[in-house]
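Undergrad: The sequence shown begins at 1 in the UniProt record's numbering and counts up one residue at a time.
We treat Cβ as the ideally placed atom computed from N, Cα and C, and that holds for glycine.
Since this is a predicted model, take the numbers as computed values, not measurements.
Have a look at this one before I ask anything.
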Amino acid sequence: MGKHGDPPNPRGGPVEILPFLYLGSAYHAARRDMLDALGITALLNVSSDCPNHFEGHYQYKCIPVEDNHKADISSWFMEAIEYIGECLLRGWECCGRVLVHCQAGISRSATICLAYLMMKKRVKLEEAFEFVKQRRSIISPNFSFMGQLLQFESQVLATSYAVEAVSPSGTLRERALPLAGEMRQQLADTAESPAEPIPVVESNHCGWEVVWRETHSLKCLFSCLCGLLVSTKFRSTLLWL
Numbered sequence: 001m002g003k004h005g006d007p008p009n010p011r012g013g014p015v016e017i018l019p020f021l022y023l024g025s026a027y028h029a030a031r032r033d034m035l036d037a038l039g040i041t042a043l044l045n046v047s048s049d050c051p052n053h054f055e056g057h058y059q060y061k062c063i064p065v066e067d068n069h070k071a072d073i074s075s076w077f078m079e080a081i082e083y084i085g086e087c088l089l090r091g092w093e094c095c096g097r098v099l100v101h102c103q104a105g106i107s108r109s110a111t112i113c114l115a116y117l118m119m120k121k122r123v124k125l126e127e128a129f130e131f132v133k134q135r136r137s138i139i140s141p142n143f144s145f146m147g148q149l150l151q152f153e154s155q156v157l158a159t160s161y162a163v164e165a166v167s168p169s170g171t172l173r174e175r176a177l178p179l180a181g182e183m184r185q186q187l188a189d190t191a192e193s194p195a196e197p198i199p200v201v202e203s204n205h206c207g208w209e210v211v212w213r214e215t216h217s218l219k220c221l222f223s224c225l226c227g228l229l230v231s232t233k234f235r236s237t238l239l240w241l
């Protein structure tokens, strides 16, 4: 146990995904010292049971989803993206930053961060996944969430990012393009470096992690594992691969 009876935290603090967007766990969300040190002003709580510890000090929004294969997290994507965007706009005035968290910072909150990058930064799921994983190597959205992200990718591409296309000049749309290029360059640079060892995590999401490490291809990953999906909904999601 840590000081004051707190559980040990072997994974460090929240990780910066973007200058205004952080990904972490319920442990991080309960540490006001960590939040203040990072300049966090708003939290996106992607769980149905994690408490909001400091409601008088930070802005909160809850997305009450469970981490299981029946949860429809995609129905919350746009609401979460809009919330982060609102906090970002306020952040330009007061240096605000958002922490997206769930219980472990592995599945639900990672899924929301991936959806945000795909929508706002014009990158595909594979690029967004690699970008986030470089920063928090233990991310592992469950099968269902990965299927929903793939479906979201196809929807975003099909609409040609209509939400950003109507944004006024000088807002998120113009900032998305250079950042997408920066993300791709960082991915290319990292690919030439030795891979960081992935910590052993006690999680029911780790089966597909083995395939990912061996193939580094989401298409190969889902091709190998689609036979394990018994839901007709998610089988149809993967037909376009």
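Three-state secondary structure (DSSP) at L172?
TA: With a pLDDT of 40 at L172, under the threshold of 50, the modelled position of this residue cannot be trusted; read the value that follows with caution. If DSSP states are grouped into helix, strand and coil, L172 belongs with the helices.
Undergrad: Looking at C-beta atoms only, is the number of pairs between the stretch 38-54 and the stretch 12-26 that lie closer than 8 Å three or more?
TA: Touching, yes.
Undergrad: Does DSSP classify A42 as helix, strand or coil?
TA: A42: strand per DSSP, three-state reduction.
Undergrad: Within its chain, find whatever has a CB closer than 6 Å to the CB of C87; leave out the 5 residues flanking it on each side and keep chain order.
TA: Result list for C87: A42, G96, V98, in chain order.
Undergrad: Quick check on Q59: does DSSP put it in helix, strand or coil?
TA: Note: Q59 maps to strand in three-state DSSP.
Undergrad: Work out the CA separation of D67 and A128 for me, nearest whole Å.
TA: A128 and D67: Cα-Cα distance of roughly 20 Å.
Undergrad: Could you tell me whether the Cβ atoms of E153 and L125 are closer together than 8 Å?
TA: The answer is yes: Cβ separation under 8 Å.
Undergrad: Give the range of the beta strand (DSSP E) segment to which E16 is assigned.
TA: Taken as a continuous stretch (DSSP letters only), the beta strand (DSSP E) holding E16 covers 15-18.
Undergrad: Can the beta-carbon of residue 243 be found closer than 8 Å to that of R135?
TA: Lying before the first or after the last residue shown, residue 243 is absent from the chain, which here runs from 1 to 241.
Undergrad: Since A115 and P141 are thought to touch, with beta carbons under 8 Å apart, how far apart are those beta carbons, to the nearest angstrom?
TA: The Cβ separation is near 10 Å, so there is no contact.
Undergrad: Report the option in P14, F131, A104, C113 whose CA atom is closest to the CA atom of M34.
TA: The residue with the shortest Cα to Cα distance from M34 is P14.
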